[in-house]
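Notes to accompany the following structure.
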Amino acid sequence: MDEDISINLKYFANVRDITGKKEESLLLRKGHSVMDALIKLTEIYGNKLSQFILNEKGEPRENLTFLINGQAIKSEKLSEKKLRNGDVFVILPPISGG
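This note's numbering runs 642 ahead of the 1-based position in the sequence shown.
Rendered as structure tokens:
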């Protein structure tokens with residue numbers, strides 16, 4: 643029997659502007675990966691978020707940082723990293739300044 647898990651998402655800068663939220667919870671099926679969560683978010687928030695986090699090939703953009711419980715996950719590992727109930731998922735846009 644499939645189980646649902648709930649993850650907590652935190653948004654900053656451009657992602658916060660696109661979603662209109664600082665944070666939210668997302669229900670996923672147990673065993674879903676970080677990439678599955680990203681795809682679900684693009685389905686919820688549409689083309690603007692999709693273009694911001696995914697490149698033309700549908701792969702996560704290299705300039706973004708993805709954190710699970712404070713640990714950075716490399717873009718090429720997003721499909722392998724399975725999410726667990728209560729995980730905190732953060733999408734960090736590039737930091738600029740001087």
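In this text, a Cβ means the ideal position worked out from N, Cα and C, and glycines have one as well.
- The alpha-carbon of N711 is positioned some 17 Å away from that of K672.
- For L725, the closest alpha carbon among the candidates L680, I660, T661 and E685 is that of L680.
- Under the three-state reduction of DSSP, R671 is assigned to strand.
- When DSSP states are grouped into helix, strand and coil, I647 belongs to the strand group.
- Counting every other CB atom within 10 Å of its CB across the protein chains shown gives I695 a total of 16 or more, marking it as buried.
- In this chain, the alpha helix (DSSP H) harbouring F694 covers N689 to I695.
- Take the alpha-carbon of L734 and the one of D646: they are about 25 Å apart.
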